[in-house]
């Protein structure tokens, strides 16, 4: 009996010193999920199941870090949220080397990138009905540090309206725009003369 008791204790000690972690990732046309187990299947430190119908926005931000003009890494932030409820469904930050192969950049980073792709498809499918319902498509600026939104652009068929922080709006007709592009983080518009 003593041997059996020692044997059981040894197995328990070995089991107690081994960590068990497992993550399941799911992405589909209506949302995504992440379930992570720690030590046992009942311990779920990450239990995330998000339906795209509950979200209003997906925010991604990349910052290239350079030291003495030499590339070091790219920092990223991914946020899934609802402006209606104020709920943050997903907030993830990290870094990667853009010079490395995409497959070696980690499963989680590629999971976030794939969520963004499926979110874009989801929005594209809803675009026509949203435009019919609201008569415009609204784009907002988001401050991750302050977790606040600012209405920025309304797009209507044939027009684009810019909304200043004060709420004042100014509208361009698409026929009056020669070229629209971004440069150094600013949206620039060239007018036809």
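Numbering (my numbering), first residue to last: 1126 to 1318.
Even for Gly, the Cβ is constructed at its ideal location relative to N, Cα and C.
query                                                                                                                                                                 : result
Let's test the definition: count the other Cβ atoms within 10 Å of the Cβ of residue 1315 and tell me whether it reaches 16, buried, or not, exposed.                 : exposed
Would you tell me roughly how many angstroms separate the C-alpha atoms of residue 1298 and residue 1181, rounded to the nearest one?                                 : 27 Å
Going by other Cβ atoms of all chains shown within 10 Å of its Cβ, with 16 needed for buried, is residue 1209 buried or exposed?                                      : exposed
Considering only their Cβ atoms, is the gap separating residue 1261 from residue 1246 smaller than 8 Å?                                                               : no
Quick test of the definition: if touching needs 3 or more C-beta pairs under 8 Å, does the region 1252-1271 touch the region 1193-1200?                               : no
Within a Cβ cutoff of 8 Å, which residues of the same chain sit near residue 1214, ignoring the five residues on either side of it in sequence?                       : 1173, 1175, 1179, 1180, 1205, 1206, 1207
Using C-beta distances below 7 Å, list every residue in its chain close to residue 1256, excluding the 5 sequence neighbours before and after it, in chain order.     : 1262
Quick check: residue 1240 and residue 1157, are their CB atoms within less than 8 Å of each other?                                                                    : yes
Suppose contacts are defined by Cβ-Cβ distances below 8 Å. Is residue 1244 in contact with residue 1151 by that definition?                                           : no
Quick one: residues in its chain with C-beta nearer than 6 Å to the C-beta of residue 1304, no 5 flanking neighbours on either side, listed in chain order?           : 1315
Can you list, in chain order, the stretches of the beta strand (DSSP E) that have 3 or more residues and sit fully within the region 1291-1315?                       : 1294-1298, 1302-1308
For residue 1184, which residues of its own chain have a beta-carbon under 6 Å away from its beta-carbon, when the five flanking residues on both sides are left out? : 1204, 1267
What do you reckon, are the CB atoms on residue 1269 and residue 1202 nearer than 8 Å?                                                                                : yes
Here's the rule I'm using: 16 or more other beta-carbon atoms within 10 Å means buried, otherwise exposed. How should residue 1237 be labelled?                       : buried
If you run the structure through DSSP and keep just helix, strand and coil, what is residue 1224?                                                                     : coil
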